[in-house]
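So for the sequence shown, the numbering used here puts the first residue at 3; every next one is plus one. We treat Cβ as the ideally placed atom computed from N, Cα and C, and that holds for glycine.
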Amino acid sequence: MNFLPEAYSTVAPGISELFNLIFGLTTFWFIVAYGAAFYGIFTSLKTKGGKAKYITGESFSESKLVWIVVILVIACDFWIDIKTAHQWSSVEIEADMPKGDMDIKIVGRQFQWEFVYPGKDGKLFTEDDVGVADGNDGELVLPIGKVTKLHITSADVLHAFFVRQFGFKQDAIPGRVLTRWVQPTKEGRIELTCAEICGPNHGTMRNWVKIVSQDEFDKYVKSLNSNKVAMLTPLGE
Ligand SMILES: [Cu+2]
């Protein structure tokens, strides 16, 4: 069963696998817990005039069923932790991230996403950076196969940069620049939304991520008008 969106990044299949593992385990325990409760209800309905038994649960023979379940659930928890650890560190911990091929700055602002690319010098956070603040329906253009470091921040309130096909969601926090990365595996155009209620027009804060070849990407960045960056958040903020 796979009801998750198609994977467009190197980490997305692992994230989907984790989702399915957690979903599977919680569904299993949901069925066990409610199954036991309903079994108890329906079997006791059949015995007429029976008196409920008062159990303190102090002796092991009375409490063992609880302990067995507790141990099994904790074991499942550790199973999830072990499976998550690698994913988590490669996505969240800067020291464990792969070396980036390029950098892009992403700024959330009521109510649009802004994208800043390195200019002619190939370096971000310098004078010649180029950017786009297209309003709604704008595009973040990424080259396929390249490890792109995304420096995510916000100009006003909390936003969240969310691309389902990348298995990627990161809060954009005013006053902080959080570095994450993505390595797109497929060309195409996928949805980028804001996943944090950020004001009345939050629902319109929808953009697109367009994954293209390196050549097309270079052409795109060249075509950007460097003056546009003046409207954006100050560099290096
Ligand atoms: Cu928002």
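- Bounds of the alpha helix (DSSP H) holding L23 are 14-48.
- Collapsing the DSSP output to three states places G140 in coil.
- For the options Y36, W31, K125, G42, the alpha carbon positioned closest to that of K107 is the one of K125.
- Per DSSP, H204 is not a residue of any alpha helix (DSSP H), being assigned neither H nor E.
- Annotation: the continuous beta strand (DSSP E) that includes E116 extends over 114-119.
- Where S63 is concerned, the enclosing alpha helix (DSSP H) starts and stops at 62-94.
- Between the beta-carbon of L194 and that of W81 there is about 32 angstroms, and that puts the pair past the 8 angstroms contact cut.
- Under a 10 Å Cβ-count criterion, E198 is classified as buried, with 16 or more other Cβ atoms of the shown protein chains found around its own Cβ.
- Considered as a whole, the segment 122-191 harbours 132-134, 141-145, 150-156, 161-165, 170-174, 180-184 as its complete beta strand (DSSP E) runs of no fewer than 3 residues, in chain order.
- A straight line joining the alpha-carbon of Q112 with that of V134 spans about 15 angstroms.
- Non-local beta-carbon contacts of H161 in its own chain, meaning distances under 6 angstroms to residues more than five positions away in sequence, involve G110, A174, C196, E198, C200 in chain order.
- In this model, K50 and F44 are separated by some 12 angstroms (Cα to Cα).
- A Cβ-Cβ separation of about 6 angstroms places V149 in contact with W183 under the 8 angstroms criterion.
- Excluding five sequence positions before and after L27, the CB atoms of its chain that fall closer than 8 angstroms to its own CB belong to C78, W81, I82, given in chain order.
- Distances taken from the Cβ of A157 to the heavy atoms of ligand 1 include none shorter than 8 angstroms.
- For the pair of segments examined, the segment 210-219 was found not to touch the segment 26-41: the number of CB pairs separated by less than 8 angstroms stays below three.
- Counting only heavy atoms of ligand 1, the residues whose C-beta sits closer than 5 angstroms to one of them are, along the chain, H161, C196, C200, H204, M207.
- D103 sits away from F127, with the two beta carbons spaced by 9 angstroms or more.
- Here D105 carries a strand assignment [DSSP, helix/strand/coil].
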